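Below is one structure, written out as structure tokens; comments come after it.
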Amino acid sequence: MEKQKKQILNENLRPLLFKFSIPSITGMVIIALYNFVDTLFVGRAVGPDAIAGLTIVLPVIIFIVAIGLLTGVGAASMASRSLGKGDKVTAIIAGGNSFILNTIFNIVTIIPIYLFSEEILRFLGASIEVLPYARDYLEVMLLGFLFLSFSINGSSLIRAEGKPRASMYEMILGAVSNIILDYFFVIVFGWGVKGAAIATVISHIISTIYFVAFFMSSKSIFKIKLNMFRINKSISREILSLGVSSFLMQMVGSVAFLLFIRIVRQYGGDVYVTITGIGIRIIDLVFMPILGISQGFAPIVGFNYGAKFYSRVKKVLGEAFIWTTIIAAIGFVIMVIFPESLIRIFTSDINVIEKGTGPLRIIAILAPLWSVPILGSTFFQAIGKARPALFITLSRDLFFFIPAVLILPLFFNLTGVWVSWPFTDFCCFLVTTIFLIREIKIMNRNIEIEKGKLA
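Using the numbering used here, read the sequence shown as starting at 565 and increasing by one per residue.
Printed below as a string of structure tokens:
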């Protein structure tokens, strides 16, 4: 652990950022790919309505992901800062408490979803044609939700102790398993949407088995022992306070996506719900590398901030912005120039292809700005400042996207629904920039104070 700490606190930041980010990027891209392939197999083997069915279930899946992030991100922030200070005990207790909280929240969530699954799907906007596909997918996915949440929690803790490569292996293992099983269950066996769900559940179980094995090995500080699974009220409160911004981001995102789907269906019908599902999978391939870099730079920021190396914190933040902006710009070019080719990957339905090119171009028009809110929120979580992270997170969907989705269609009909995306991107960019400038000024003052102490 001391070797890892010295590396994070002393090595050249650009190679260090790549070293920590490449495993996360690889893992996140593979996750995006297996969602991509999941939808591709279903779209090709079953049809556009099946894609719409998977899209309808997305808000529920986002909700489960939110639980994993609530406990995982909060515990990871505590762990990385504690390890930066040399406090190994607090880091271990935070890891144990995160899994206790995760289990409680999942049980409380999954039971009501199971009891009222059909009512929930109808509320989410499932039409008579789409409901059977959505129901088939959700009923199977319920069996794997706890493992999905556990794998997110475990992956966050593995990265927090400075082992991004191990976190990457977990994600790769689950994703590759899902892709292989998808092919057999959906294409070879012809199980359709249920086959895709079964493949996904098995892949989450495999990921969970991996991180448990890793924590039980000599490579991890989070040795699985009974004494780490005792609730510590102060540590649990801090985990929740730090993770709540990620949780609320996903929760509000779930509500926003639910609203978006309902309005898309109101103005355009099921064909545009299918287009939305395809668009989300394409956008994920841009977002996931950006998230990978943000995950990689978080422990670097946490360690250096905890050690009061503010100049290194500023430098790694700048490096992260450069590379994530490049990724977002590449995504912008591909989505704006080749939208028809991208949609053809998922379906040969001419109606979906012709109607989908315009919306994809509109949604991607400000893609070069996508990285700023993601990195900004992660940055504030990593330095233990929950309020700015929470505000940045909430502002996207709660203050900008939801009002835009409700208001713009009143004036521009279906076009207004798509325009709500770039409108939100621009507003989030401005808000995050203001918070970051203020925090950089604070760090600059701290740098001057530290210089004064050494003089």
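We treat Cβ as the ideally placed atom computed from N, Cα and C, and that holds for glycine. Note that the coordinates shown come from a computational prediction; the quantities given were computed from them, not determined experimentally.
Inset, instruction - Report yes if the C-beta distance between N742 and A639 is below 9 Å; otherwise report no. - result: No, the Cβ-Cβ distance between N742 and A639 is not below 9 Å.
Legend entry - D832 versus P923, F999, W887, A763, residue with shortest Cα-Cα distance: Note that residue 832 is Gly in the sequence shown, not Asp. Ranking P923, F999, W887, A763 by Cα distance to G832 puts P923 first.
Inset, instruction - Taking T619 and V837 to be in contact with their CB atoms under 8 Å, please state how far apart those CB atoms are, rounded to whole angstroms. - result: 6 Å
Inset, instruction - Drop a sphere of 10 angstroms on the beta-carbon of K783, count the other beta-carbons inside from all chains shown, and report buried for 16 or more, exposed for fewer. - result: exposed
Legend entry - Cβ-Cβ distance between I847 and F910 below 9 Å: no
Inset, instruction - Report yes if the CB atom of G940 is closer than 9 Å to the CB atom of I966, and no otherwise. - result: no
Inset, instruction - Consult DSSP for F902 and reduce its assignment to one of helix, strand or coil. - result: coil
Legend entry - Assigned secondary structure, I684 (DSSP; H/G/I helix, E/B strand, else coil): helix
Legend entry - Nearest-angstrom Cα separation, counted from F943 out to L706: 33 Å
Inset, instruction - Go through its chain and collect everything with a Cβ distance to K787's Cβ below 8 Å, but skip five positions before and after it. - result: Closer than 8 Å at the Cβ level, and outside the excluded window around K787, lie I656, F779, M780.
Inset, instruction - Compare the Cα-Cα distances from A690 to each of F824, P937, W982 and report the closest residue. - result: F824
Legend entry - CB-CB length for V704 against I762, believed under 8 Å: 6 Å
Inset, instruction - Please list the segments of the beta strand (DSSP E) lying wholly inside the segment 926-988, counting only runs of 3 or more residues, in order along the chain. - result: none
Inset, instruction - Compute the distance between the beta-carbons of T673 and F709, then report whether it is under 9 Å. - result: Taking the C-beta atoms as reference points, F709 is found nearer than 9 Å to T673.
Inset, instruction - Reducing DSSP to helix, strand and coil, say where E703 ends up. - result: helix
Legend entry - D651, enclosing alpha helix (DSSP H) - first and last residue: For D651, there is no enclosing alpha helix (DSSP H), as DSSP gives it neither H nor E.
Legend entry - 8 Å CB neighbourhood of I589 in its chain, flanking five on each side removed: M852, P853, G856, I857, G860
Inset, instruction - Could you check what DSSP says for T911 in three-state terms: helix, strand or coil? - result: Of the three classes helix, strand and coil, the one that applies to T911 here is coil, per DSSP.
Legend entry - Proximity below 9 Å, CB of V629 to CB of S713: yes
Inset, instruction - Using three-state DSSP, classify V694 as helix, strand or coil. - result: coil
Legend entry - Alpha-carbon to alpha-carbon, V593 and E734: 13 Å
Legend entry - Residue closest to K1015, alpha-carbon to alpha-carbon, out of H768, S798, S875, V983: Considering only alpha carbons, the answer is S875.
Legend entry - Cβ neighbour criterion (16 or more within 10 Å) applied to P1106: Absent from the structure is residue 1106, since the part of the chain shown begins at 565 and ends at 1019.
Legend entry - Where A777 falls, given that 16 or more other Cβ within 10 Å makes a residue buried: exposed
Legend entry - Opening and closing residue of the alpha helix (DSSP H) in which R723 lies: 709-724
Legend entry - Which of helix, strand or coil DSSP assigns to N742: helix
Inset, instruction - Please classify V757: does DSSP put it in a helix, a strand, or coil? - result: helix
Legend entry - Same chain, Cβ closer than 8 Å to R729, neighbours up to 5 away in sequence not counted: P587
Legend entry - Rounded Cβ spacing between Y697 and D613 (contact assumed at less than 8 Å): 6 Å
Inset, instruction - Go through its chain and collect everything with a Cβ distance to M815's Cβ below 6 Å, but skip five positions before and after it. - result: A630
Inset, instruction - Give the range of the alpha helix (DSSP H) segment to which Y869 is assigned. - result: Residue range 834-870 is occupied by the alpha helix (DSSP H) that includes Y869.
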